[in-house]
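Worksheet: one structure, shown below.
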Amino acid sequence: MTDELKQNGHFESVTVDDEPTAGIEANDESAGILCARAPIGLLAELTHRCPLQCGYCSNPIELERVNAELTTEQWISVMEQAGEMGILQIHLSGGEPTARKDLEDIVEAAAKAGLYTNLITAAVTLKRERLEKLKALGLDHVQISFQDVDAENAERIGGYPGATAKKLEVARWVTDMGLPLTINAPIHRQNIHNVGRYIDLAVDLGAQRLEIAHVQYYGWAFLNRASLIPTYEQTMQSVDVVEAARERLKGVLTIDMVVPDYYAKRPKPCMGGWAKGFMNITPAGKVMPCHAAESIPQLTFDNAKDRPLLDIWLHSDAFNAFRGTDWMKEPCRSCAFKEIDWGGCRCQAMAMTGDPTNTDPACSLSPYHREMVAVAREESHQPVKPYVYRNPKNAAQTLKAKKEDAELTPAE
Amino acid sequence: MAETNRPGRLIVDQGTKPYLPPFMKLRYDKGRDRWVLLAPERILSPDKIAVEILQLCDGVKNVEEISGQMAEQYSAPVDVIQKDVVELLQDLADKGFLKAF
Ligand code: SF4
Ligand code: SF4
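In the order they appear, the protein sequences are chains A and B.
Position one of the first sequence corresponds to residue 221 (the numbering used here), numbered consecutively onward.
Position one of the second sequence corresponds to residue 116 (the numbering used here), numbered consecutively onward.
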C-alpha cells in the first residue's frame with residue numbers, strides 16, 4: 221500500500237465498507253467470510269411478555285410462558301459465548317426486554333463480552349434511573365418503536381393508553397444521556413399516510429436513525445394481514461417520501477427502509493441469506509436462523525441450554541437446512557440471482573406455498589407470484605377491520621381455532 | 116448538548132477537529148482479522164489507512180494536522196492526502212458517525 225501511495229500520491233484506497241446488520245438489505249460478499257466462523261448479529265428475544273398488544277407483531281401466535289424463559293445465568297452464558305465466537309452486535313428484544321428484571325445483568329455480561337449492545341424497546345414502562353444504570357453498565361444504543369405519530373391512533377394500534385407521551389419522554393432521556401437513538405416505525409395501512417411525519421418526529425427527537433419498517437407478515441401480522449397490508453399506490457408513495465428525505469437529511473438522520481416485497485419483482489435477500497450472518501434466540505432458548513423460522517414445521521431447533529452456540533451455528537440441522545444454494549429447486553437453482561437474494565424468504569415460501577424449499581412467492585418467477593399479488597391487492601382495498609390484538613387470551617383462542625391456512629395454488 | 120442531539124450537517128474542512136462519538140466503537144475483530152467500526156445497526160470495515168486516520172481523530176487535532184501526520188508517515192504530498200482525509204471524514208459525518216468540535 222505504501223508503494224502505490226508514493227507513486228500517485230493518493231491513498232490507493234481509503235474505504236469504509238458499510239455492512240447493515242439487520243440482514244434485510246445486506247448483499248456484499250464479505251458475508252461469505254463471516255459465515256464460516258460466526259454470525260455478526262444476534263437477536264436475543266429475552267421474553268414474550270409485553271405491555272403492548274400490537275396486531276402487527278411478528279412474534280409467533282404461540283407466546284412463550286414466563287416459566288419457560290431462560291434463566292439469568294443462561295442468558296449470561298449466551299452473551300459470553302457470543303463474544304468468544306466473534307459475534308459483534310447483540311439486539312436485546314422481545315416482547316418487551318425491560319420486562320426482565322435481570323436486564324441489567326444481561327447487558328453487563330454483553331458489554332463485558334465486547335458486544336455492541338442494542339436495546340429494542342416499546343419504552344412504556346422504562347424508568348429514567350434504570351436507563352441510566354443500563355448505560356453505565358455498557359448499553360450502546362436504544363431503539364424505540366412508535367405505533368403511529370398520532371397519539372390516539374398509536375394507542376389504539378398498540379392497545380396501550382398513554383403510550384405516546386411516555387415514549388416521547390423516554391426518547392428525550394436517551395438523547396439527553398448521549399445515547400444514540402433509533403426510532404422504529406412499523407408501517408402498515410393504518411399509519412402509512414404518516415411516513416413523512418415520522419421523519420419529522422425522528423429529526424425533532426434528535427434520533428440518529430429512523431427505521432421505516434414496513435410490516436413483515438409473520439406471526440400475528442400474518443393473521444391480521446388483511447387489515448394491515450397497504451395498497452400498491454400507498455407503498456410506492458411512502459418509498460418516494462423516504463427517498464426525498466434521505467437526500468434532504470444527509471448527515472442529520474439515517475433512514476433505513478424495510479420494504480414490503482408483496483409488490484416487488486424480486487424478493488428481499490431475507491436475513492442476507494439463511495444462516496449467513498444472523499442468529500436468533502427465543503425466550504425459551506431455541507436457536508434459530510431467523511425469528512420466524514419456527515413457522516417451518518420440518519425444522520427442529522437446538523436449545524442454547526443444551527448445546528454450545530458455535531456448534532449450533534456450524535453444525536445444526538436447522539442452520540444447514542437452507543444454507544447456501546444446494547437446497548434450491550427451480551426456478552432458483554438455475555437463476556443468476558441465487559447468490560444475491562438467496563431465493564428470498566423461507567418462511568414466506570412456507571406460509572404461502574406450504575413448502576419452504578419453494579422460491580419465495582414475492583419473486584415474479586415463482587408460479588405463486590401472480591396469485592400472491594392478487595391477494596395483496598385485494599386485501600389492501602378492503603376496509604380495515606378490527607384486528608386480533610396480540611395477547612395470551614387471543615393466542616389461546618387462535619391456536620384452538622387453528623384456522624386452516626389458506627395456501628396459494630400455483631399457476632399452471 | 117449531548118453528541119446525539121446536536122442538529123445540522125457537519126461540513127468537514129481543514130479546521131474541523133473530528134472525533135468518534137462514544138456510540139461508535141473502533142475495534143479489532145480478532146476472529147476475522149480486520150478492524151471494524153461498530154455503529155447502531157451497522158458494521159463498517161475500514162481499511163488500514165482509514166483506521167490510522169480514525170485513530171488520529173481525537174477531537175483535539177484538526178484535519179490539517181491529521182493530514183500532515185499522515186503525509187509525513189507515508190511521505191506523500193500533504194494537499195493530496197488532505198483531500199482523501201476530508202473525503203473519508205465527510206462520508207462518515209454524512210452517515211452520522213463522526214462528530215467534531
Ligand atoms: S410489536 Fe408490539 S406487541 Fe409485539 S413485541 Fe413489539 S411492542 Fe410488543
Ligand atoms: S428465481 Fe429465486 S434466485 Fe432467481 S430471482 Fe427469484 S427468488 Fe431470486
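We put the CB at the ideal spot given by N, CA and C, even for glycine.
C-beta neighbour in chain B for residue i, strict 8 Å
i	result
A:K353	no
A:R429	yes
A:K620	no
A:Y336	yes
A:I193	Only positions 221 to 632 of chain A appear in the structure, and residue 193 of chain A is not among them; the question remains open.
A:T402	yes
A:T520	no
A:H408	no
A:H361	yes
A:V635	In this structure chain A extends from 221 to 632, so residue 635 of chain A is not present and cannot be described.
A:Q436	no
A:G314	no
A:R350	no
A:R257	yes
A:L529	no
A:L534	no
A:L346	no
A:D420	no
A:L308	yes
Any chain A beta carbon closer than 8 Å to residue i
i	result
B:F138	yes
B:K214	no
B:G211	yes
B:I181	no
B:L125	yes
B:G130	no
B:I158	yes
B:V221	As shown, chain B starts at 116 and ends at 216. That puts residue 221 of chain B outside it, with no answer to give.
B:G146	yes
B:P133	no
Buried versus exposed, by CB contacts within 10 Å (16 or more), residue i
i	result
A:K485	exposed
A:N338	buried
A:V286	exposed
A:E289	buried
A:G497	buried
A:I560	exposed
B:V175	exposed
A:P634	Any property of residue 634 of chain A remains undetermined from this structure, which presents chain A solely from 221 to 632.
A:L263	buried
A:L619	exposed
A:T573	buried
Span separating the alpha-carbon of residue i from that of residue j
i	j	result
A:V595	A:V604	15 Å
A:I253	B:V178	For A:I253, the predicted structure reports a pLDDT of 44, less than 50, and the residue's modelled location is therefore unreliable. A value from the coordinates is still provided. A:I253 and B:V178: Cα-Cα distance of roughly 34 Å.
A:N523	A:N500	11 Å
A:R392	A:Q568	37 Å
A:A616	A:Y607	16 Å
A:K355	A:L399	8 Å
A:E328	B:L207	29 Å
A:G315	A:H408	19 Å
A:R269	A:A319	7 Å
A:M564	A:Q273	Before going on, a small fix: residue 564 of chain A reads as Gly here, not Met. Cα-Cα distance, rounded: 29 Å.
B:V200	B:I164	10 Å
B:M139	A:D460	30 Å
A:Q518	A:D526	20 Å
A:V593	A:M299	41 Å
A:E245	A:E591	At A:E245, the pLDDT of 31 sits below 50, so the modelled position is not reliable and the matter cannot be decided from this model.
B:S129	A:R429	Checking the sequence, you will find Gln at residue 129 of chain B rather than Ser. C-alpha separation (whole angstroms): 28 Å.
A:A385	A:A374	11 Å
A:L585	A:Q457	25 Å
A:T545	A:A464	36 Å
A:M548	A:C583	14 Å
A:A538	A:W494	10 Å
A:E372	A:L530	46 Å
Presumed contact (8 Å Cβ cut-off) between residue i and residue j, rounded CB distance
i	j	result
A:L308	A:L335	7 Å
B:L204	B:V151	At roughly 18 Å, the Cβ-Cβ gap does not stay under 8 Å, so B:L204 and B:V151 are not in contact.
A:H601	A:T402	Not really, about 32 Å apart at Cβ, beyond 8 Å.
B:C172	B:Y143	Not quite, the Cβ-Cβ distance comes to about 17 Å (not below 8 Å), so this is no contact.
A:T395	A:L425	7 Å
B:D209	A:G416	With a Cβ gap of about 21 Å, B:D209 and A:G416 do not count as contacting.
A:P317	A:S365	Contact flag wrong, Cβ pair sits at about 12 Å.
B:L213	B:L125	7 Å
* **4-residue-minimum alpha helix (DSSP H) runs that sit fully inside the stretch 501 to 579 of chain A, ordered along the chain** => 529 to 535, 537 to 541 and 566 to 573
* What is the chain-ordered set of residues for which the beta carbon lies under 6 Å from any non-hydrogen atom of ligand 3? -> The model on display carries ligand 1 and ligand 2 but not ligand 3.
* Entirely enclosed alpha helix (DSSP H) segments - the stretch 258 to 320 of chain A, minimum 4 residues -> 292 to 305
* Sequence ranges, beta strand (DSSP E) only - wholly within the stretch 378 to 433 of chain A, length at least 3 -> 401 to 407
* Scan the stretch 131 to 196 of chain B and note each continuous beta strand (DSSP E) run of 3 residues or more that stays entirely inside, going in chain order. => 140 to 144, 149 to 154 and 157 to 161
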